[in-house]
Amino acid sequence: MSGYMTLANGHLLKEKYDDAISYSTKCLAIARESGDEVAEMNAYMLLGNAHLKKKEYEDGISYSKNCLAISHESGEKVAEMKAFILLGDAHLEKEEYDDAHSFFTQGRTIAEEQGDNRNVIFFKTRINEIYEIVGTSEGYSELLSELEFPQGFLDGIQNFDSFLRSLLGYLLNKASGNYKEALSCLETCMALGNNSYYKAEYGEKLWTLKHDISEMHVLLRDYDKGIQYQQEALDVARKEGSKSKQAKSHFSLGKVYYKLQQYGNAEKSLKESLTGYEKIFVGLKQNDRFKIAFVDKYKETFKKLLKVLIETNKKEEALVLSDHYRAKALKDLLVSSYGMKKEQTPDEDLQYADVQSLVSSSDYTLLFYSTCFDELYTFVVEAGKELGFSVQRFKYCDTCLDKLVDERFEDMKVRQVIHCEDRSLDNMHYSEENKDPKDDELTQLLIQRREKRLSEQCRSTCVCRENPSENCDKSSRTSGLEILNQKLIHNIKCFIKQDEIVIIPEGPSCRLPFAALRDPDTGQFLSETKRIRMAPSISSLKLLQEYPVDHHSRKKALIIGATFVGSVMFNGEKTEFKFLHGAILEAQEIASMLGVRALLSAYATKHVVIKRLQEGASVVHIAAHGDLEKATIVLAPSPEIRATKIPDEEDYMLTMADVQQAQVRAQLVVLSCCHSGRGEIKAEGVVGMCRAFLASGARAVVGSLWAINDDATRMFMETFYKYLKDGKSASTSLHLTMNDMRKTPQYSEPKYWAPFFLMGDDVTIQFKD
Numbered sequence: 001m002s003g004y005m006t007l008a009n010g011h012l013l014k015e016k017y018d019d020a021i022s023y024s025t026k027c028l029a030i031a032r033e034s035g036d037e038v039a040e041m042n043a044y045m046l047l048g049n050a051h052l053k054k055k056e057y058e059d060g061i062s063y064s065k066n067c068l069a070i071s072h073e074s075g076e077k078v079a080e081m082k083a084f085i086l087l088g089d090a091h092l093e094k095e096e097y098d099d100a101h102s103f104f105t106q107g108r109t110i111a112e113e114q115g116d117n118r119n120v121i122f123f124k125t126r127i128n129e130i131y132e133i134v135g136t137s138e139g140y141s142e143l144l145s146e147l148e149f150p151q152g153f154l155d156g157i158q159n160f161d162s163f164l165r166s167l168l169g170y171l172l173n174k175a176s177g178n179y180k181e182a183l184s185c186l187e188t189c190m191a192l193g194n195n196s197y198y199k200a201e202y203g204e205k206l207w208t209l210k211h212d213i214s215e216m217h218v219l220l221r222d223y224d225k226g227i228q229y230q231q232e233a234l235d236v237a238r239k240e241g242s243k244s245k246q247a248k249s250h251f252s253l254g255k256v257y258y259k260l261q262q263y264g265n266a267e268k269s270l271k272e273s274l275t276g277y278e279k280i281f282v283g284l285k286q287n288d289r290f291k292i293a294f295v296d297k298y299k300e301t302f303k304k305l306l307k308v309l310i311e312t313n314k315k316e317e318a319l320v321l322s323d324h325y326r327a328k329a330l331k332d333l334l335v336s337s338y339g340m341k342k343e344q345t346p347d348e349d350l351q352y353a354d355v356q357s358l359v360s361s362s363d364y365t366l367l368f369y370s371t372c373f374d375e376l377y378t379f380v381v382e383a384g385k386e387l388g389f390s391v392q393r394f395k396y397c398d399t400c401l402d403k404l405v406d407e408r409f410e411d412m413k414v415r416q417v418i419h420c421e422d423r424s425l426d427n428m429h430y431s432e433e434n435k436d437p438k439d440d441e442l443t444q445l446l447i448q449r450r451e452k453r454l455s456e457q458c459r460s461t462c463v464c465r466e467n468p469s470e471n472c473d474k475s476s477r478t479s480g481l482e483i484l485n486q487k488l489i490h491n492i493k494c495f496i497k498q499d500e501i502v503i504i505p506e507g508p509s510c511r512l513p514f515a516a517l518r519d520p521d522t523g524q525f526l527s528e529t530k531r532i533r534m535a536p537s538i539s540s541l542k543l544l545q546e547y548p549v550d551h552h553s554r555k556k557a558l559i560i561g562a563t564f565v566g567s568v569m570f571n572g573e574k575t576e577f578k579f580l581h582g583a584i585l586e587a588q589e590i591a592s593m594l595g596v597r598a599l600l601s602a603y604a605t606k607h608v609v610i611k612r613l614q615e616g617a618s619v620v621h622i623a624a625h626g627d628l629e630k631a632t633i634v635l636a637p638s639p640e641i642r643a644t645k646i647p648d649e650e651d652y653m654l655t656m657a658d659v660q661q662a663q664v665r666a667q668l669v670v671l672s673c674c675h676s677g678r679g680e681i682k683a684e685g686v687v688g689m690c691r692a693f694l695a696s697g698a699r700a701v702v703g704s705l706w707a708i709n710d711d712a713t714r715m716f717m718e719t720f721y722k723y724l725k726d727g728k729s730a731s732t733s734l735h736l737t738m739n740d741m742r743k744t745p746q747y748s749e750p751k752y753w754a755p756f757f758l759m760g761d762d763v764t765i766q767f768k769d
């Protein structure tokens with residue numbers, strides 16, 4: 001048996017893998033027959049190694065796992081560590097980064113326990129390689145924070161690790177900004193690669209070396225060498241068949257070409273990178289911990305390509321690209337955040353001709369906002385007109401817009417809510433009894449510091465390209481709502497000819513009350529002169545338009561109000577939710593107007609509501625407790641469940657996955673839930689839930705960016721439904737309701753009517769008697 005083992009090892013070293021597998025198999029058979037566990041473990045290790053060298057991953061992983069199981073059971077730590085190396089490398093080559101990270105992390109733990117310094121460095125560099133490929137850290141700084149070696153640690157590493165020592169020198173110098181020294185260390189690694197002693201390590205790191213050398217040359221402004229080494233890195237990635245490395249090399253090339261203003265080459269490289277990242281998404285697990293990092297890398301590539309297209313005046317292509325990214329990001333968000341399934345509709349490539357066709361068949365102006373690094377792009381599409389476009393420059397673009405929006409909330413005093421019941425569960429995510437009183441002081445201090453920093457950034461850098469002297473200082477003569485109008489509407493208002501605007505926002509603008517933007521020249525609010533509607537993307541608008549007439553339900557309305565929940569388990573604790581009297585009145589009055597009976601209190605069980613949703617309803621109105629963080633709505637548990645136990649969340653919480661499974665094909669969903677009575681702004685969560693309902697099959701959704709007092713809410717809803725019942729479309733009904741509220745003295749301020757928005761299609765409901 002030992003002879004077979006020796007022959008197997010010899011053939012493995014000579015890269016004669018079939019012979020190595022043959023002798024290892026014979027060794028394995030003898031070891032099993034004799035009951036020699038150590039020999040069996042070593043045979044599995046050899047078989048795993050040989051199959052992995054042949055790129056036969058399934059067999060290689062299977063044999064390596066057998067080796068891992070035996071070594072773990074018998075306490076053979078060195079063999080267990082080697083098995084983790086084989087499994088980590090296998091999954092790394094397969095670009096299964098979550099599994100690779102797990103195996104390397106477990107291997108590192110054993111190496112640290114054994115005092116195996118060389119393998120500690122090996123595992124940490126492997127883990128960092130994953131971080132580098134995926135993009136979860138800037139360079140190697142994250143690794144360096146973990147490399148807390150005791151004094152003399154590196155001195156004990158002998159000849160073999162000169163390669164790793166040079167790599168570590170590169171890490172340290174790069175982190176401290178010594179790019180010339182960092183480059184010198186990388187060149188030493190390249191030179192060591194010519195020595196056969198380092199052949200294996202050099203081969204595994206070849207792409208990383210060439211890629212990083214390229215990056216150093218670029219940082220040192222030697223762009224020709226940067227391009228040369230990155231193209232060599234790309235060749236290595238192609239030979240390896242690594243999609244992620246190819247995508248990253250293409251992105252790096254695109255950035256250099258952009259710096260050199262070689263826009264044609266930049267566009268080509270960035271498109272190759274984007275295509276590569278999209279292919280990677282297909283193979284990623286849904287709960288992969290690195291998915292968000294890939295999304296960020298994809299986003300960075302998309303933004304850079306968008307900038308190139310704008311620079312080369314390819315605005316129509318830029319708009320289509322922006323919408324493609326927007327639609328993809330929204331789908332991923334709905335799946336990852338709300339547990340919804342991916343839509344089975346084919347991902348057809350949107351063309352600009354489709355966009356023109358969409359607006360030609362409808363009487364509205366399309367406004368599409370896109371943030372790109374330090375710029376805000378606004379695209380304006382109208383039937384038969386040339387694409388309108390405006391660009392404004394903001395350093396810290398998203399930060400500055402966030403600050404502007406927050407200041408407008410303060411101006412409108414939307415946080416000063418009175419006589420408003422709390423329909424949000426967000427305050428129940430922590431225990432008041434266990435809260436440290438110092439937490440409030442610390443939180444306030446952090447908020448004040450953040451507000452000060454954002455204000456300073458905003459005042460010093462929020463500059464409009466068309467008027468560099470303009471800034472975001474609240475001391476400006478114009479009101480805050482007029483400032484926002486200047487930033488978002490003023491430069492493109494000459495393009496807007498239609499009476500209705502469909503707005504597709506991004507980032508901070510998603511939580512902006514567009515209805516309250518005010519024209520400083522006329523003193524009129526935007527919602528006084530235009531009907532306003534929101535949409536997640538152009539692709540979603542196109543999909544809604546293509547639905548057949550009979551796709552959405554025409555049955556009677558379903559009104560759900562103030563469910564009686566009783567004692568239930570919530571976030572692992574026994575909880576009782578407050579009863580919502582205002583929601584009861586709201587639901588009863590709307591149900592009376594529409595001639596239906598509302599589902600109230602204990603009758604609105606999760607089982608009954610899902611059944612009614614499946615049966616169909618033209619309008620679904622929900623006035624109840626909700627949790628925006630989880631995107632869930634509180635319903636009543638069934639009596640059968642309550643009779644046997646304290647209901648768990650799954651027994652009474654309506655999730656977006658439940659809604660999607662029920663195939664809600666309502667023409668209109670109105671969300672009068674999840675509001676905080678404490679004056680907190682929960683716009684992102686509300687917008688997210690509206691998108692989820694659209695993705696679940698609803699044609700249009702009405703939501704509110706913040707809470708207003710109960711009497712104002714009832715008046716708004718009653719007026720809205722009156723117009724809706726009179727045959728007005730949802731967009732027109734919302735527009736007229738806002739006008740009526742403005743004419744009511746006690747509710748004339750924007751905080752009472754501006755939070756409401758319509759997302760999706762402009763539906764007209766034919767109510768059944």
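Its first residue numbered 1, the sequence shown is counted upward by one per residue in UniProt numbering.
We treat Cβ as the ideally placed atom computed from N, Cα and C, and that holds for glycine.
Integer-rounded CB distance, given that residue j should sit under 8 Å from residue i
i: SER537; j: ALA327; result: 4 Å
i: LEU654; j: LEU668; result: No, LEU654 and LEU668 are not in contact; Cβ-Cβ is about 18 Å, not under 8 Å.
i: MET759; j: LEU694; result: 7 Å
i: THR371; j: ILE496; result: THR371 to ILE496, Cβ: 21 Å. No contact.
Burial state of residue i, where buried means 16 or more other Cβ atoms lie within 10 Å
i: LEU13; result: exposed
i: CYS458; result: Because the pLDDT of CYS458 is 45, which lies under 50, any placement of that residue in the model is unreliable, and the number read from its coordinates should be weighed accordingly. With 16 or more other Cβ atoms within 10 Å, it is buried.
i: LYS297; result: buried
i: HIS735; result: buried
i: CYS494; result: exposed
i: ASP18; result: exposed
i: TYR44; result: buried
i: VAL502; result: buried
Proximity below 8 Å, CB of residue i to CB of residue j
i: LEU192; j: LEU209; result: no
i: GLY226; j: LYS304; result: no
i: LYS243; j: GLU95; result: yes
i: ALA247; j: SER273; result: yes
i: PHE368; j: ILE483; result: no
i: ALA631; j: GLY688; result: yes
i: SER672; j: GLU589; result: no
i: LEU350; j: LYS542; result: yes
i: LEU599; j: ILE560; result: yes
Own chain partners of residue i with C-beta closer than 6 Å, once the 5 adjacent residues on each side are dropped
i: SER360; result: ALA383
i: THR312; result: TYR263
i: LEU558; result: ARG612, ALA617 and VAL620
i: ILE641; result: PRO647 and ASP651
i: SER252; result: GLN230
Cβ-based neighbour list, residue i, same chain, cut-off 7 Å, excluding 5 preceding and 5 following
i: GLY88; result: ALA100, PHE103, PHE104, GLY107 and ARG126
i: LEU260; result: TYR223
i: ALA8; result: ALA20, TYR23, SER24, CYS27 and LEU46
i: VAL218; result: GLY226 and VAL256
Local conformation of residue i per DSSP, three classes
i: THR109; result: helix
i: residue 814; result: For the chain, the structure presents residues 1 to 769; residue 814 sits outside this window and is missing.
i: LYS26; result: helix
i: ARG533; result: strand
i: ARG221; result: coil
i: ALA90; result: helix
i: GLU382; result: coil
i: HIS621; result: strand
i: PHE389; result: strand
i: ALA247; result: helix
i: LYS565; result: Before going further, note that residue 565 is Val rather than Lys in the sequence given. In the structure shown, VAL565 sits in coil (DSSP, three-state: anything other than H, G, I, E or B).
Cβ of residue i within 8 Å of any chain C Cβ
i: ILE483; result: The question asks about chain C, but that chain is absent: this structure has only one protein chain.
Proximity test, residue i beta-carbon vs the ligand PLP heavy atom, cut-off 7 Å
i: LEU192; result: Looking for the ligand PLP in the displayed structure turns up nothing, as the structure carries no ligands at all.
Same chain, Cβ closer than 8 Å to residue i, five either side skipped, listed in chain order
i: GLN545; result: LEU358, SER361, SER362 and ASP761
i: LEU220; result: TYR179, LYS180 and LEU183
i: VAL391; result: ILE310, GLU375, LEU376, TYR377, THR378 and ARG465
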